[in-house]
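Asks: After the structure tokens below, expect a handful of questions from me.
There are 2 protein chains.
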Amino acid sequence: LSALLVRQLAVIGCGLIGGSFALALKRRAVVGRVLGYSPSAGSVQAAQRIGAIDMGADSIAAAARGADLVLLAVPVAATASVLSELRPAAAAGALLIDVGSTKADVAAAAIAVLGENAARFVPCHPIAGKASAGVQHAEATLFDGRTVAITPLDANQIDELDRARAIWESTGAQVRTMNAATHDAAMAAVSHLPHLIAFAYMQGLLAQDDAADVLALAGPGFRDFSRIAAGDPVLWRDVLLTNRAEVLRRLQHFRSALQQAEALIAAGDAAALQALIAECAEARAAWPAGSR
Amino acid sequence: LSALLVRQLAVIGCGLIGGSFALALKRRAVVGRVLGYSPSAGSVQAAQRIGAIDMGADSIAAAARGADLVLLAVPVAATASVLSELRPAAAAGALLIDVGSTKADVAAAAIAVLGENAARFVPCHPIAGKASAGVQHAEATLFDGRTVAITPLDANQIDELDRARAIWESTGAQVRTMNAATHDAAMAAVSHLPHLIAFAYMQGLLAQDDAADVLALAGPGFRDFSRIAAGDPVLWRDVLLTNRAEVLRRLQHFRSALQQAEALIAAGDAAALQALIAECAEARAAWPAGSR
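Here's what the structure looks like:
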């Protein structure tokens, strides 16, 4: 009835994002068969159980064989090894896309592994997520209204870029094209640093004797603020290390602002503290949260 | 049809919490008439428009006159002055409760102002909130399933405490009784420090040249992490200053944890960084968010 955008999809990495991507394409009936691979057999089974994939594969190569679209949904540091494994198996015309939270390193890995065939790889980052990792939490609606950043390689041609855009739009997302460095710098500020802060906040809390007691009194503010501290450890380890220069640079701005606020509190400077909070509150209220 | 828990309620401070409290009691039809007072005439009108209050009052005393329950829903630093104004007007048998985020200072203010009549004042803190301040965001369901901490004064008798408990339970909340110091220490850890961090994070972001550009790429992680940065400036100024000793003490734990994480990132210590994140993620996942 509807033309298939993707005849056969290979999902490499059956987690929250990989599973949600497959479900989103299936929801619009724009994908034929979906094969999935994960190092964890349990994840593959779970992906099959929720209907994200039609069939599990025993290896990356087996999943990629015959696919016209391969989605890499793995921690960014695994990009090069996954591309090496699938390169001999993937059809020459297959489009390869990823979902990594950092893009300069993913581009470098693709160029290093694929060489003159790098044009077929389009680096992508869907800015979407939820509290819980794992394919069991996958949702067909995860990308609805979300931004997907596409950071083209120099080698990418208009055909691959248009196809990648059409595929992401069919998941319900809006595509923005930008360069990888701009993407990584922005993500350091609005995603990677918040994760680092949330991890440190939880660590600091757990280091205190009364952690269990105080957690029992935590309310909705804590719930939202600390949600991202439940992120996948391997994924976030990779992101923080990969983008470390930008993350550490942005951290200095946060540290300065924290010291300034601390000084105002210690000095009891009510007027300046109120002004500082008011500036934050206005900026946060002006952020168009509703559309995200 | 149902016995009225509260014949006449005075809401002093027509904001998110005051308005939601009145709406919650009205939802269960356990309150007769509701009078409201706010320094801002606009807030009183908005409270009336959404049906939280039946009538505006020109002064705190006018609102309190004839009430059998007076709710103080004002920034904590205003507690003493509000109690001074309503003391001559409130009926001898009227119960006075508050909703302040810090309790030791509120208890001290009540004892200082009410003296031997302090028994009628029961310090309360509903651990509930939402992204947006202001009575226009009030909801009858705001307290459903939330914890309300009651931190009794030495002077409180079982009658007042039982009545305060019954009233809060009728809003849908669950009551926990504890001492004020324990409450304030716990709130410093799970609420006040997160707010301080979120304010500093937003300040640090706004100090950067590309703030507008990076905010345009922010996604759901940013949305949740920074939600509390939109808190009411006067309210949070008061909380941070009132509870400053505990907040600054808890801040040191956060700072240590942040330095530790930063050192691991700078050193590229992938194994230790992953272990640190895994510990956070497990603790956060074990927190019973669903019930809050």
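Chains as they are written, first to last, in the working numbering: chain A, 1 to 292; chain B, 1001 to 1292. By construction, the Cβ of each residue, glycine as well, lies at the ideal position given by its N, Cα and C atoms.
#1: Is B/G1019 near B/A1067, with beta carbons less than 7 Å apart?
#2: Counting C-beta neighbours from all protein chains within 10 Å, is the total for B/L1235 16 or more, i.e. buried, or is it exposed?
#3: Measuring CB to CB, does A/F222 end up less than 7 Å from B/V1099?
#4: Could you tell me the distance, in whole angstroms, from the CA atom of A/A140 to the CA atom of A/L5?
#5: Which bits of chain B does A/H195 rub up against, with CB to CB less than 9 Å?
#6: Let me know the secondary structure DSSP gives B/V1214 once reduced to three states.
#7: To the nearest angstrom, report how far apart A/E85 and A/L273 are at their CA atoms.
#8: Starting from A/H125, trace the beta strand (DSSP E) in both directions and tell me its first and last residue.
#9: Does the count of Cβ pairs from the segment 29-46 of chain A and the segment 149-161 of chain A closer than 8 Å reach three?
#10: Run the CB neighbour count on B/A1286, radius 10 Å, all protein chains shown included, and call it buried at 16 or more, exposed below.
#11: Taking DSSP as the reference, what is the three-state secondary structure of A/L276?
#12: Specify the secondary structure class of B/M1178 as computed by DSSP and reduced to three states.
#13: Does B/Y1201 get closer than 7 Å to chain A when you measure Cβ to Cβ?
#14: Say whether chain B places a C-beta atom closer than 7 Å to the C-beta of A/R284.
#15: Can you tell me whether B/Q1008 is helix, strand or coil according to DSSP?
#16: Using only the alpha-carbon positions, how far apart do B/A1131 and A/A283 sit?
#17: In chain order, what residues of the segment 165-198 of chain A put their CB closer than 9 Å to some CB of chain B?
#18: Among residues of its own chain, excluding the 5 on either side of A/L69, which ones have a beta-carbon nearer than 6 Å to its beta-carbon?
#19: Mapping the DSSP letters down to three states, classify A/L241 as helix, strand or coil.
#20: Counting Cβ pairs, one atom from each stretch, are 3 or more of them under 8 Å apart for the segment 213-220 of chain A and the segment 1181-1201 of chain B?
#21: State buried or exposed for B/L1001, treating a residue as buried only when at least 16 other CB atoms are found within 10 Å of its CB.
#22: Can you have a look at A/S38 and say buried or exposed, based on whether 16 or more other CB atoms are within 10 angstroms of its CB?
#23: Name the one or two DSSP bridge partners that B/T1147 has.
#24: Taking contact to mean 3 or more Cβ pairs, one atom from each stretch, closer than 8 Å, check whether the segment 227-243 of chain A and the segment 1261-1279 of chain B are in contact.
#25: By the three-class DSSP mapping on this structure, what secondary structure does B/I1111 have?
#26: If you draw a straight line from the alpha carbon of A/A180 to that of A/V113, how long is it in whole angstroms?
#27: Is it right to say A/G145 is buried, meaning 16 or more other beta carbons lie within 10 angstroms of its own, or is it exposed?
#28: Check the Cβ-Cβ distances between A/R244 and every residue of chain B, and say whether any is below 7 Å.
#29: Of the residues A/F21, A/I60, A/R28, A/D54, which one's Cα is nearest the Cα of A/S40?
#30: State yes or no: is the C-beta of B/G1231 within less than 7 Å of the C-beta of B/H1183?
#31: If you measure from the beta carbon of A/F254 to each beta carbon in chain B, is any gap under 7 Å?
#32: Kindly indicate if chain A contains any beta-carbon less than 7 Å away from that of B/A1024.
Replies: In short, the structure shows the following:
#1: Judged by beta-carbon spacing, B/A1067 lies beyond the 7 Å limit of B/G1019, meaning their Cβ atoms are not closer than that value.
#2: Buried is the label assigned to B/L1235, since at least 16 other Cβ atoms lie within 10 Å of its Cβ.
#3: Going by C-beta atoms, A/F222 is not nearer than 7 Å to B/V1099.
#4: Straight-line Cα distance between these residues: approximately 17 Å.
#5: Those are G1221, F1225, I1277, listed as they occur along chain B.
#6: For B/V1214, the three-state secondary structure derived from DSSP is helix.
#7: For A/E85 and A/L273, the distance between alpha carbons rounds to 55 Å.
#8: Per DSSP, A/H125 belongs to the beta strand (DSSP E) from 124-126.
#9: Short answer: they don't touch.
#10: Only exposed fits B/A1286, as fewer than 16 other CB atoms lie within 10 angstroms of its CB.
#11: Here A/L276 carries a helix assignment [DSSP, helix/strand/coil].
#12: In the structure shown, B/M1178 sits in coil (DSSP, three-state: anything other than H, G, I, E or B).
#13: Yes, because at least one Cβ of chain A sits closer than 7 Å to the Cβ of B/Y1201.
#14: Closer than 7 Å to some Cβ of chain B, the Cβ of A/R284 qualifies, so yes.
#15: Strand at B/Q1008.
#16: So the two alpha carbons sit approximately 13 Å from each other.
#17: Within the segment 165-198 of chain A, the qualifying residues are R176, M178, T182, H183, A185, A186, M187, A188, A189, V190, S191, L193, P194, H195, L196, I197, A198.
#18: Answer for A/L69: V6, L9, L95, listed in chain order.
#19: Here A/L241 sits in helix by DSSP.
#20: Yes, they touch.
#21: For B/L1001, the predicted model reports a pLDDT of 44, less than 50, meaning its position is unreliable and no value from the coordinates is stated.
#22: The residue in question, A/S38, is buried, as its Cβ has 16 or more Cβ neighbours within 10 Å.
#23: Residue pairing for B/T1147: DSSP places it in a beta bridge opposite B/Q1174.
#24: Touching, per the Cβ criterion.
#25: If DSSP states are grouped into helix, strand and coil, B/I1111 belongs with the helices.
#26: Taking the CA atoms as reference points, A/A180 sits about 18 Å from A/V113.
#27: Exposed is the call here.
#28: Closer than 7 Å: yes.
#29: Put simply, of A/F21, A/I60, A/R28, A/D54 the residue whose alpha carbon is nearest the alpha carbon of A/S40 is A/I60.
#30: Not in contact: B/G1231 and B/H1183 (Cβ atoms no closer than 7 Å).
#31: For A/F254, the answer is yes, since a Cβ of chain B falls inside 7 Å of its Cβ.
#32: No, B/A1024 lies away from the interface with chain A (no Cβ there is under 7 Å from its Cβ).
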